[in-house]
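Here the structure is laid out as structure tokens; the discussion comes afterwards.
Chains as they are written, first to last, in the working numbering: chain A, 492 to 934; chain B, 492 to 934.
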């Protein structure tokens with residue numbers, strides 16, 4: 492594979508040219524606070540789901556410039572020799588706090604706060620945003636589908652509609668946000684996501700008859716397998732399936748046609764044949780709206796492809812990575828913010844709480860603090876508010892509880908728990924304002 | 492990093508369960524022809540651009556099941572021991588033909604044809620589609636932007652809005668389709684795409700004044716650098732930039748505001764200050780329509796982020812991987828096709844030509860052949876037609892001219908050449924039918 496193992500060049504060139512210039516003019520060592528946040532929720536979503544944090548922390552651990560990376564930067568004259576020396580020894584030694592993976596976020600939520608020298612923090616911008624923007628977009632779409640599906644299981648099967656590495660990240664993000672399984676084997680190996688899948692149309696076409704294909708599949712995978720019945724005529728397919736498998740057949744899958752109509756007809760046919768416990772899985776071009784529209788249909792499980800891995804119309808979450816505070820020449824602190832039209836940011840370190848009323852979220856409270864001092868432990872105005880930020884890395888030491896399979900399982904559990912706090916209006920799929928307002932409190 | 496080096500588990504589980512069943516029922520060794528094609532061009536696009544082929548071939552070369560992959564499949568009981576033995580020795584030994592990378596495609600174009608045993612070809616489905624669907628979606632969007640930009644240079648800077656690995660693939664695809672540079676350093680290292688970038692808003696905010704920031708940047712990067720002038724007030728920013736850099740300043744960058752208005756005002760101001768050769772780069776939320784709308788504005792270069800890496804509304808190309816012909820039990824061949832509603836496919840091996848009239852493309856001619864025999868070398872009805880398919884791998888031996896940096900350069904050159912064949916109507920950005928019709932000819 493052509494990809495390098497190090498994550499260090501997943502960096503926009505301007506980060507290194509800024510580093511280069513900052514090492515020259517003496518500002519590289521100024522302590523800085525960078526913040527990742529979204530100015531708005533794209534697509535009229537009512538809430539966003541943070542995902543990617545556990546992946547990002549591992550990638551920051553691997554953010555080291557090896558021989559190959561340094562040679563490229565030298566040969567291309569991206570930076571000068573002093574900067575190459577700095578990068579050779581680079582490792583992040585700062586502090587990262589942020590929302591737990593699986594947490595909900597709203598406009599302005601300080602999803603990630605990176606504190607360190609300008610030099611060490613500025614170079615993480617692209618990597619942090621790539622991971623969080625992709626994974627959070629998928630998780631947000633997945634959560635909406637999970638809300639729409641209710642108790643029916645959802646499987647992610649969109650790997651073929653996403654870049655081969657993003658597909659793995661997408662399966663992971665969808666699982667965190669409520670999907671139960673994925674078709675992607677690498678997501679199973681790397682992240683412990685349960686995998687599923689039985690047969691494609693090619694399986695039926697490989698055989699001289701549909702019956703041959705069904706017989707061979709049942710022989711290999713057992714009667715509890717799911718047979719794909721729409722390669723030719725669905726009615727004949729179902730009839731053949733039950734004739735071959737018997738009424739204990741695990742399931743049939745429908746991948747085409749007008750699903751409410753077809754599902755109802757197939758259920759009726761299965762019941763008439765005595766296969767009353769044979770499940771119906773549908774998998775054709777589903778998104779959260781199609782899933783919701785099937786709520787009254789006799790469907791037992793959904794498989795979702797394109798729409799979940801592409802964020803169902805919102806393929807990227809739109810989070811930005813902004814400098815919000817820094818030291819000045821005397822070591823004092825300065826909150827900073829740009830004033831650009833439509834892109835103004837809010838300076839100062841943020842501490843975030845979710846205000847709750849009887850267990851239901853009522854607002855995102857963001858306290859803007861006046862410096863590098865310790866964040867407030869509680870929000871005085873909302874004593875029951877839930878603190879949203881946790882320490883993810885301290886003096887460069889990354890909390891490995893967030894990483895790997897353990898991190899994924901914890902994120903999924905956290906998401907399930909915090910989704911319970913959402914007000915009912917947040918569960919509607921239509922475009923709207925965020926489900927709760929963001930309230931900034933200046934300290 | 493948690494990603495495995497092998498590409499072998501970038502596979503949907505059902506591919507391996509089909510393999511498992513086929514090894515048991517004796518159909519695994521049937522020779523098969525699988526075809527990658529798109530049923531339609533999504534988003535009312537007038538043409539599509541094939542990209543990813545060179546990446547895919549390298550990934551197929553690395554499609555091997557090592558200890559870690561086999562252990563996962565065994566521990567999860569995905570396949571039985573005989574299948575594990577088969578996978579341990581797996582390497583693709585078949586033939587791949589396809590459109591050159593950078594080639595244009597239309598509905599039904601046989602973008603890739605994979606011939607081999609069912610066993611060896613079925614397991615490549617997800618990997619092939621992940622790569623081609625992602626990269627072709629980006630390349631298609633990029634080509635539209637390149638058409639809109641005309642002679643003005645275009646830089647890709649969307650890494651932060653795509654998964655960290657897809658970002659590299661996106662930079663590569665955009666370069667093939669006409670972009671001149673990328674912000675992504677890994678795309679420079681891995682694929683030879685020229686990289687660019689100078690400074691972000693954080694650079695200005697790091698300093699006590701905008702003037703300090705500009706002075707330091709010029710000191711480090713030279714007068715020919717590009718200064719970002721919209722952190723605070725643009726008019727003041729431009730004035731400061733020229734005062735500090737002199738009238739030989741290379742460029743200014745605008746990243747916010749109503750760009751036609753702002754660009755005109757900045758050009759007037761620069762000229763009045765004597766900086767008549769200072770270039771204006773704009774970078775705020777551009778897509779092909781915004782680029783076209785700036786055609787009459789005094790803009791010298793464009794930087795495009797989100798829209799190009801997310802396919803400008805079409806984040807995935809919608810290509811499918813379908814069995815179109817196979818051997819039967821006697822070794823004879825059978826063209827096959829599913830009949831599913833709205834998803835019917837066309838059986839038989841395809842040979843594709845682009846019919847030309849005086850150098851301008853008039854139709855996509857697809858000859859459907861009756862078996863495994865050699866494809867026709869010319870299209871008899873269109874003697875000037877250009878053959879579209881080349882051999883990419885023969886008996887498992889991959890043509891390395893398509894891989895790496897050399898492959899990228901060749902793809903970019905090929906794209907530039909074949910885009911010249913498009914009829915004028917194909918260059919319009921509005922939604923439409925494909926620019927040329929696809930004509931199937933049954934042999």
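Backbone N, C-alpha and C define an ideal beta-carbon position, used for all residues, glycine too.
Name the one or two DSSP bridge partners that residue 885 (chain A) has.
Translated into positions along the first chain, residue 885 (chain A) becomes position 394. Looking at the DSSP assignment, residue 885 (chain A) forms a beta bridge with A:888.
Does the beta-carbon of residue 928 (chain A) have 16 or more other beta-carbons within 10 angstroms, so that it is buried, or is it exposed?
Counted from its first residue, the first chain places residue 928 (chain A) at position 437. Per the 10 Å Cβ criterion, exposed.
Give me the Cα-Cα distance between residue 878 (chain A) and residue 843 (chain A), rounded to the nearest whole angstrom.
Walking along the first chain from the start, residue 878 (chain A) turns up at place 387. Walking along the first chain from the start, residue 843 (chain A) turns up at place 352. Roughly 6 Å between the two C-alpha positions.
Taking only beta-carbon atoms, is residue 529 (chain B) less than 8 Å away from chain A?
Taking the second chain and counting its residues from 1, one reaches residue 529 (chain B) at position 38. For residue 529 (chain B), the answer is no, since every Cβ of chain A falls outside 8 Å of its Cβ.
Could you tell me which chain B residues have their CB closer than 7 Å to the CB of residue 691 (chain A), listed as they occur along the chain?
Mapped onto the first chain, residue 691 (chain A) falls at position 200. Here the neighbours are 505, 509.
Pick helix, strand or coil for residue 723 (chain A), following the three-state DSSP scheme.
The residue labelled residue 723 (chain A) in the question sits at position 232 within the first chain. In the structure shown, residue 723 (chain A) sits in coil (DSSP, three-state: anything other than H, G, I, E or B).
Confirm, please, whether the CB-CB distance from residue 536 (chain B) to residue 687 (chain A) is below 8 Å.
As a position in the first chain, residue 687 (chain A) is number 196, starting the count at 1. As a position in the second chain, residue 536 (chain B) is number 45, starting the count at 1. In this structure, residue 536 (chain B) does not lie closer than 8 Å to residue 687 (chain A) by Cβ.
Going along chain A in order, which residues have a C-beta closer than 7 Å to the C-beta of residue 694 (chain B)?
As a first step, residue 694 (chain B) is located in the second chain; it is residue number 203 there, counting from the start. Ordered by position in chain A, the residues that pass the 7 Å Cβ test against residue 694 (chain B) are 509.
Residues of chain B with CB closer than 8 Å to the CB of residue 892 (chain A), please, in chain order.
What you label residue 892 (chain A) is simply residue 401 of the first chain in a count that begins at 1. What residue 892 (chain A) touches in chain B: nothing, since even the nearest Cβ is about 15 Å away.
Taking Cβ-Cβ distances shorter than 8 Å, what residues in chain B pair up with residue 687 (chain A)?
The residue given as residue 687 (chain A) occupies position 196 in the first chain. Per Cβ cutoff of 8 Å: 504.
Are the C-beta atoms of residue 600 (chain B) and some chain A residue less than 8 Å apart?
Mapped onto the second chain, residue 600 (chain B) falls at position 109. For residue 600 (chain B), the answer is no, since every Cβ of chain A falls outside 8 Å of its Cβ.
Nearest to residue 900 (chain A) by alpha carbon, out of A:614, A:520, A:671, A:527?
The residue labelled residue 900 (chain A) in the question sits at position 409 within the first chain. When each option's Cα is compared against that of residue 900 (chain A), the closest is A:671.
Within its chain, find whatever has a CB closer than 7 Å to the CB of residue 726 (chain B); leave out the 5 residues flanking it on each side and keep chain order.
Residue numbering aside, residue 726 (chain B) sits at position 235 when the second chain is read from its first letter. Excluding sequence neighbours, residue 726 (chain B) sits near 760.
Quick one: which chain B residues come within Cβ less than 7 Å of residue 806 (chain A)?
Here residue 806 (chain A) is taken as the residue at index 315 of the first chain, counted from 1. What residue 806 (chain A) touches in chain B: 801, 806.
For residue 841 (chain B), would you say it is in contact with chain A, using Cβ-to-Cβ distances shorter than 8 Å as the test?
As a first step, residue 841 (chain B) must be located in the second chain, where it is residue number 350. Residue 841 (chain B) does not count as touching chain A.
Kindly indicate if chain B contains any beta-carbon less than 8 Å away from that of residue 650 (chain A).
As a working note, residue 650 (chain A) is residue 159 in the first chain. So yes, residue 650 (chain A) belongs to the interface.
Given that residue 723 (chain B) touches chain A, what residues does it touch there, using C-beta distances under 9 Å?
Against the second chain, residue 723 (chain B) aligns to sequence position 232. Near residue 723 (chain B) (Cβ distances below 9 Å), the residues of chain A are 829, 830, 831.
Taking only runs of the alpha helix (DSSP H) that begin and end inside the region 506–591 of chain A, which ones reach a length of at least 4 residues, in chain order?
For the region 506–591 of chain A, whole alpha helix (DSSP H) runs of length 4 or above, ordered along the chain, are 544–552, 558–566, 572–579.
One question on the structure: do residue 683 (chain A) and residue 896 (chain A) come within less than 8 Å of each other, judged by their Cβ atoms?
Here residue 683 (chain A) refers to the residue found at position 192 of the first chain. Here residue 896 (chain A) refers to the residue found at position 405 of the first chain. In contact: residue 683 (chain A) and residue 896 (chain A) (Cβ atoms closer than 8 Å).
Out of curiosity, what's the CA-to-CA distance linking residue 501 (chain A) and residue 583 (chain A)?
Mapped onto the first chain, residue 501 (chain A) falls at position 10. Mapped onto the first chain, residue 583 (chain A) falls at position 92. Using only the alpha carbons, I get a separation of about 15 Å.
Cβ of residue 846 (chain A) less than 8 Å from any chain B Cβ?
As a working note, residue 846 (chain A) is residue 355 in the first chain. With 8 Å as the cut-off, residue 846 (chain A) does not count as an interface residue toward chain B.
Could you name the residues of the same chain whose beta carbon sits closer than 8 Å to that of residue 643 (chain A), not counting the 5 residues immediately before and after it, in chain order?
Taking the first chain and counting its residues from 1, one reaches residue 643 (chain A) at position 152. 790, 791, 792, 793.
Would you say the region 546–554 of chain A touches the region 735–754 of chain B, given that touching needs at least three Cβ pairs under 8 Å?
These segments do not touch.
Short check: CB of residue 470 (chain B) to CB of residue 736 (chain B), under 8 Å?
Outside the shown range of chain B, which is 492 to 934, sits residue 470 (chain B), and nothing can be said about it.
What does residue 501 (chain B) reach in chain A if we use C-beta pairs closer than 9 Å?
For the purposes of this step, residue 501 (chain B) is taken as residue 10 along the second chain, with counting starting at 1. Those within 9 Å of residue 501 (chain B) in chain A are 650, 655, 656, 658, 659, 675, 676, 677.
Taking residue 809 (chain A) and residue 529 (chain A) to be in contact with their CB atoms under 8 Å, please state how far apart those CB atoms are, rounded to whole angstroms.
Taking the first residue of the first chain as 1, we reach residue 809 (chain A) at position 318. Taking the first residue of the first chain as 1, we reach residue 529 (chain A) at position 38. Yes, they are in contact, since the Cβ atoms of residue 809 (chain A) and residue 529 (chain A) sit about 5 Å apart, within 8 Å.
Measure the C-alpha to C-alpha separation of residue 767 (chain A) and residue 702 (chain A) and round it to an integer number of angstroms.
As a first step, residue 767 (chain A) is located in the first chain; it is residue number 276 there, counting from the start. As a first step, residue 702 (chain A) is located in the first chain; it is residue number 211 there, counting from the start. In a straight line, the C-alpha of residue 767 (chain A) is about 21 Å away from that of residue 702 (chain A).
To which residues does DSSP link residue 854 (chain A) through a beta bridge?
For the purposes of this step, residue 854 (chain A) is identified with residue 363 of the first chain, where counting begins at 1. Its beta-bridge partners are A:846.
Hey, would you say residue 628 (chain A) sits closer than 8 Å to residue 807 (chain A), going by beta carbons?
Against the first chain, residue 628 (chain A) aligns to sequence position 137. Against the first chain, residue 807 (chain A) aligns to sequence position 316. It is a contact, given that the beta carbons lie within the stated cut-off.
Name the chain A residues whose beta carbon is nearer than 7 Å to that of residue 918 (chain B)?
Against the second chain, residue 918 (chain B) aligns to sequence position 427. Here the premise fails: no neighbours, minimum Cβ distance about 26 Å.
In the structure shown, what three-state DSSP assignment does residue 768 (chain A) receive?
Against the first chain, residue 768 (chain A) aligns to sequence position 277. Coil, per DSSP.
Whose Cβ in chain B lies nearer than 9 Å to the Cβ of residue 760 (chain A)?
In the first chain, the residue the question calls residue 760 (chain A) occupies position 269. By Cβ distance, chain B contributes nothing, its closest Cβ being about 17 Å from residue 760 (chain A), past 9 Å.
What residue ranges within the region 775–824 of chain B form continuous beta strand (DSSP E) runs of no fewer than 3 residues, ordered along the chain?
Counting only runs of 3 or more, we get 792–795, 810–818.
What distance in whole Å lies between the Cβ atoms of residue 590 (chain B) and residue 596 (chain B), which are believed to be in contact at a cut-off of 8 Å?
Here residue 596 (chain B) is taken as the residue at index 105 of the second chain, counted from 1. Here residue 590 (chain B) is taken as the residue at index 99 of the second chain, counted from 1. Their Cβ separation, rounded to whole angstroms, is 6 Å, which keeps residue 596 (chain B) and residue 590 (chain B) in contact under 8 Å.
For residue 613 (chain A), return the contacting residues in chain B, with the cut-off set at a CB-CB distance below 7 Å.
For the purposes of this step, residue 613 (chain A) is taken as residue 122 along the first chain, with counting starting at 1. Simply 693.
Mapping the DSSP letters down to three states, classify residue 616 (chain B) as helix, strand or coil.
Walking along the second chain from the start, residue 616 (chain B) turns up at place 125. In this structure, residue 616 (chain B) counts as helix in the three-state DSSP scheme.
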